[in-house]
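Numbering (my numbering), first residue to last: 282 to 426. The C-beta atom is built at its ideal place from N, Cα and C for all residues, glycine as well. It should be emphasised that the depicted structure is a prediction, and the values quoted were computed from it without experimental measurement. Reading through the structure tokens given below for one structure.
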């Protein structure tokens, strides 16, 4: 007899939305719940195989699509043209170099007053935000020798 999965906020969200907690979905959720990195589908697949060796690429993509629709994950597109997934809550901040594709993640957030102003002006409840500045890093800004 299979033991029921341990309840987590993510498993509760899927259950509440009426989705089954298959071993493959649980493997993807385990990766997402234990990682704070920018996750690629390939990285998620590799790490999910530790939990469920039978998991396939299509299942990972379907689960990522489902989690995005449910507002659990957010896709982001950084300098290298690939898609990454991050948790959708809170704020997320990047400097992205348009020259070499360098991405610098930073924690400082000055959006607090703007968020409050936007909520008051538009009656809109803001749950999270993504802030990206695009430009050139110090190496790409240097004149060619």
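query, result
"Can you tell me the Cα-Cα spacing of residue 288 and residue 410, whole angstroms?", "27 Å"
"Evaluate residue 366 with the Cβ neighbour count: other Cβ atoms within 10 Å of its Cβ, from every protein chain shown; 16 or more gives buried, anything less gives exposed.", "buried"
"Quick one, which of 389, 368 and 393 has its alpha-carbon nearest residue 375's?", "389"
"Work out the CA separation of residue 417 and residue 423 for me, nearest whole Å.", "9 Å"
"Which one of 402, 414, 415 and 397 has the shortest CA to CA distance from residue 408?", "397"
"What separation, rounded to the nearest whole angstrom, lies between the Cα atoms of residue 312 and residue 290?", "14 Å"
"Within 10 angstroms of the Cβ of residue 385, are there 16 or more other Cβ atoms? Answer buried if so, exposed if not.", "exposed"
"Residue range of the beta strand (DSSP E) that residue 409 falls in?", "409-416"
"When you compare each of 320, 394, 403 and 400 to residue 359 by their alpha carbons, which one comes out closest?", "320"
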